[in-house]
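As numbered in our numbering, residues 10 to 286 make up the sequence shown, in order.
Ideal Cβ positions, reconstructed from N, Cα and C, are used throughout, including at glycine.
Only a predicted model underlies this, so the values are computations on that prediction, with no experimental measurement involved.
Just below is one structure, and these are the notes that go with it.
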Amino acid sequence: MVSEFREWLGHHPILVALMFLVYSYGALMSYMTPKIVPNSFLAALEGSHTQIMLAVTAMTYLGITAFYLIYKGRKYYGDRGLEENVPLIWGFSSLAYMVTYIGIILKASNVIAMNTELFFFFRSFMILWAAGIAYGLITLRTSRESLRKYITLAITGLSLTWFAWGLFSIGSIKYTMYGFTSFFWVPLTFAFGYFFWTYSGGTGHSGMKWISAGMVYMGSTYLFWAPTHQNFLYEVAFFQYNIAASIILLGMTKLPWKEMSDVERPLDLIFEEDREN
10 MVSEFREWLG HHPILVALMF LVYSYGALMS YMTPKIVPNS FLAALEGSHT QIMLAVTAMT
70 YLGITAFYLI YKGRKYYGDR GLEENVPLIW GFSSLAYMVT YIGIILKASN VIAMNTELFF
130 FFRSFMILWA AGIAYGLITL RTSRESLRKY ITLAITGLSL TWFAWGLFSI GSIKYTMYGF
190 TSFFWVPLTF AFGYFFWTYS GGTGHSGMKW ISAGMVYMGS TYLFWAPTHQ NFLYEVAFFQ
250 YNIAASIILL GMTKLPWKEM SDVERPLDLI FEEDREN
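Structure representation (structure tokens):
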């Protein structure tokens, strides 16, 4: 029996190594955690653990989306420059967005006190995500480099200007986020949803419809966030946001990236047919 068990283990070295690492980690944490994690820190987490888990979930969806898109970009768009590699741009944009949730986790864990400077830093990465999504959408539609640059710079510049004015001149995080949500973020996500839906009509790709639904859903969660962020309903809005992020991820996985990469401007064909009709 022992020899048979050893032989079986010899055929599964990866499983053996994995189990060894897991049990070693468990033993180390069981011994070290009481010594290195003070009770005051654990007590501070009791009122914010839900927010931390929601932020970790959001980061997980964004991370999976990012690495999936980066993989597709390198696989099917590797012969193009970065400015033409839509999945790679969207992938790096999703990675950037993750930084915003790192800030939420650090604040909820009482690791940092979220002052206006840190708030500006962490929230600026969600602006980069929006700019990246816009850049990719325009790249799919047109080869006009000036249009891509102007719109992307406008989104980035106006949003950062609003944050700088609200945080450093007015000095109110709440006022800044209310204005950003109402005048920038929600209109942008709704516009993204509209264009993804419009583009799906000519291609027949269901992935764009899923992304469209996810974008509109995401914008709606921020509308719900504005009046509820000071009570438990904030967590409900956060949970709905994560559902929206999962829908966007689903849509990205359903896009035929190989087929789209075979055409320099896949959406040009759609609009040319529309003009002819």
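First and last residue of the alpha helix (DSSP H) that includes residue i?
i	result
L162	E154 to A173
I142	T125 to R150
P265	Careful: P265 lies outside any alpha helix (DSSP H) and carries neither H nor E.
F193	Counting along the chain, F193 falls outside any alpha helix (DSSP H), and DSSP gives it neither H nor E.
S57	S57 -> no alpha helix (DSSP H), and no H or E assigned at all.
A105	V95 to A117
Y86	Here Y86 belongs to no alpha helix (DSSP H), and DSSP marks it neither H nor E.
I182	I182 to F189
Please return the same chain residues whose Cβ sits closer than 6 Å to the Cβ of residue i, not counting the five positions on each side in sequence.
i	result
L278	Because L278 sits at a pLDDT of 45, beneath the cut-off of 50, its placement in the model cannot be relied upon, and the following sentence gives the value as read from the coordinates. The answer is none, since no qualifying residue turns up.
Q249	T230
S209	M217 and K218
A64	Y110, I113 and I114
I61	I114 and A117
S270	Y85 and Y86
L71	S103, Y106 and M107
Buried or exposed, going by whether 16 or more other CB atoms sit within 10 Å of the CB of residue i?
i	result
F101	buried
H214	buried
L27	exposed
R150	buried
S12	exposed
G145	buried
I147	buried
E281	Confidence in E281 is poor, its pLDDT being 48 and thus under 50, which makes the residue's placement too unreliable to answer from.
K84	exposed
K158	exposed
R153	exposed
F29	exposed
F76	exposed
I113	buried
L78	buried
F241	exposed
L24	exposed
Y32	exposed
A246	buried
G202	buried
Going by beta carbon distance, what residues of the same chain come within less than 7 Å of residue i, once the five residues before and after it are set aside?
i	result
L115	I121
T66	N251
A253	G223, Y226, M227 and T230
G82	N94, P96, L97 and G100
T161	A140, A143 and Y144
F204	L146
K267	Y85
Closer than 8 Å by C-beta to residue i: which residues in its own chain qualify, once you throw out the five before and the five after it? Chain order, please.
i	result
T190	Y231, L232, W234 and A235
G188	W171 and G175
K263	H214, S215, G216 and W219
R284	Only weak support is given to the placement of R284: the predicted model assigns it a pLDDT of 45, under 50, and the question is left unresolved by the model.
G180	T125
L156	I147
Y184	G175
May I ask you to check if the CB of residue i is nearer than 7 Å to at least one heavy atom of the ligand COA?
i	result
L146	Although the ligand COA was asked about, the structure shown includes no ligands whatsoever.
Taking only beta-carbon atoms, is residue i less than 8 Å away from chain C?
i	result
I121	In summary, chain C is missing from the structure at hand, where a single protein chain is found.
For the segment 243 to 258 and the segment 213 to 226, state whether three or more C-beta atom pairs, one from each stretch, are separated by less than 8 Å. yes
If contact is defined by three or more beta carbon pairs under 8 Å, each pair taking one atom from either stretch, is the segment 194 to 204 in contact with the segment 170 to 180? no
Can we say the segment 130 to 140 touches the segment 155 to 166, given the rule of at least three CB pairs closer than 8 Å? yes
Please give the ranges of any alpha helix (DSSP H) in the segment 202 to 254, keeping only runs that are unbroken, at least 4 residues long and fully inside the region. Uninterrupted alpha helix (DSSP H) stretches at least 4 residues long and entirely within the segment 202 to 254 occur at 215 to 237, given in chain order.
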